[in-house]
Every structure is written in structure tokens, then in C-alpha cells.
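Here our numbering = 1-based position in the sequence shown + 354. For reference, the structure discussed in these notes is given below.
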Amino acid sequence: MKKTGRFILAFITAGVLSLFGCGNGDSIEGTWVLTEEIEADGNKIDSKELEEIGVAETYVISGTEVKYTCEAELIKKPIEITFTLEELGDNKYKFKYGDSFDFATVEVKGNTLSYEVGEEEPTKMIFKRQE
Numbered sequence: 355m356k357k358t359g360r361f362i363l364a365f366i367t368a369g370v371l372s373l374f375g376c377g378n379g380d381s382i383e384g385t386w387v388l389t390e391e392i393e394a395d396g397n398k399i400d401s402k403e404l405e406e407i408g409v410a411e412t413y414v415i416s417g418t419e420v421k422y423t424c425e426a427e428l429i430k431k432p433i434e435i436t437f438t439l440e441e442l443g444d445n446k447y448k449f450k451y452g453d454s455f456d457f458a459t460v461e462v463k464g465n466t467l468s469y470e471v472g473e474e475e476p477t478k479m480i481f482k483r484q485e
């Protein structure tokens, strides 16, 4: 009787965890929204400030397709670019444009995707998974 009870409990636990999306872990697939920028000097721009200056950046990733959208008050219509996803291992990926241009090397940790832009004084871009 004890074995049956443990089996039922394990089965119910597995079912509940799958309903809540546990196990999505470090998967890169999904919708990612820019929530913070950290400039080279340590200055942080949070989601409230990004909203105030009218900047919204989003990645939608499915399979090997990465769709980027940037909306800003200074531009009349959104900028949309499609990249190809290349898996590098250890939760690191490349966003590639065409055959020869690597746009960014990104890292996924749980529900956070980040990468740096700029060479001399890089800015760290931090995206959160949209639920």
C-alpha cells in the first residue's frame, strides 16, 4: 500500500509541476522583453525609465527563428529584424543575420536573457521572459 501511495503522490507532483511550466528552465524559446540596460559606467536604466523615454524591445524565439522588434518614439514605425539562432552550449546562443554577421552572443539564465552591445564601452541588455 505504501508503494502505491508514493507512486500516486509522485504522479500528481509531476502533473502539477508540468502545469506550472517548471522545467522550462533555461530554454530560450519564448517572448523576451527588454527590462534593463546597464551601461559601461554602471548606470542602470530600468523598465520604468525605458518606458518613459519610449523604448520597447522584444525578441520572439521559436525553433531557430529569432524575431526582433524595436519600437521607439523617435521612429515612426517599428524596426523588425529576423535572425537565425545558433546554439553554442551552456545556455549560450548566437543571433546571426545572414551567413556572415553575428549580431550578439546571448546567455539564458532561468527567465533572464542578456547580452552586451558596443565594443569600447559595452552596455548590457537584460530581457525577461514574458509569461
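Virtual Cβ for every residue (Gly too), placed ideally from N, Cα, C.
> Counting along the chain, where does the beta strand (DSSP E) carrying S468 start and finish?
Replying inline: 466 to 471
> Residues in its own chain within less than 8 Å of E391 by CB, not counting five upstream and five downstream?
Replying inline: K398, I399, L404, T477, K478, M479, I480
> From which residue to which residue does the alpha helix (DSSP H) around K402 run?
Replying inline: 401 to 406
> Can you tell which of R483, G408, E470, K482 has the C-alpha that lies nearest to the C-alpha of E393?
Replying inline: E470
> CB F437 to CB K450, shorter than 7 Å?
Replying inline: yes
>> Using the Cβ count rule (16 or more neighbours within 10 Å means buried), how would you classify G375?
In response: Note on G375: pLDDT 38, under 50, position unreliable in the model; no value is reported.
> Nearest to W386 by alpha carbon, out of K402, T412, G408, S401?
Replying inline: The candidate whose alpha carbon is nearest that of W386 is T412.
> Over what stretch of residues does the beta strand (DSSP E) that includes D456 continue unbroken?
Replying inline: 455 to 463
>> Suppose contacts are defined by Cβ-Cβ distances below 7 Å. Is F383 in contact with I415 by that definition?
In response: The sequence shown places Glu at residue 383, rather than the Phe named in the question. Closer than 7 Å, so yes.
> Taking Cβ positions, are T459 and K448 nearer each other than 7 Å?
Replying inline: yes
>> Is the separation between the beta-carbon of T423 and that of K482 shorter than 7 Å?
In response: no
> Which term fits S372, buried or exposed, when burial requires 16 or more other beta carbons within 10 angstroms of its beta carbon?
Replying inline: Reliability of the predicted coordinates at S372 is poor, the pLDDT of 32 falling under 50, and the value obtained from them is presented with this limitation in mind. A residue is called buried when at least 16 other Cβ atoms come within 10 angstroms of its Cβ; S372 does not meet this threshold and is exposed.
> In chain order, what residues of the same chain have a beta carbon less than 8 Å from the beta carbon of G472, not counting five sequence neighbours either side?
Replying inline: A394
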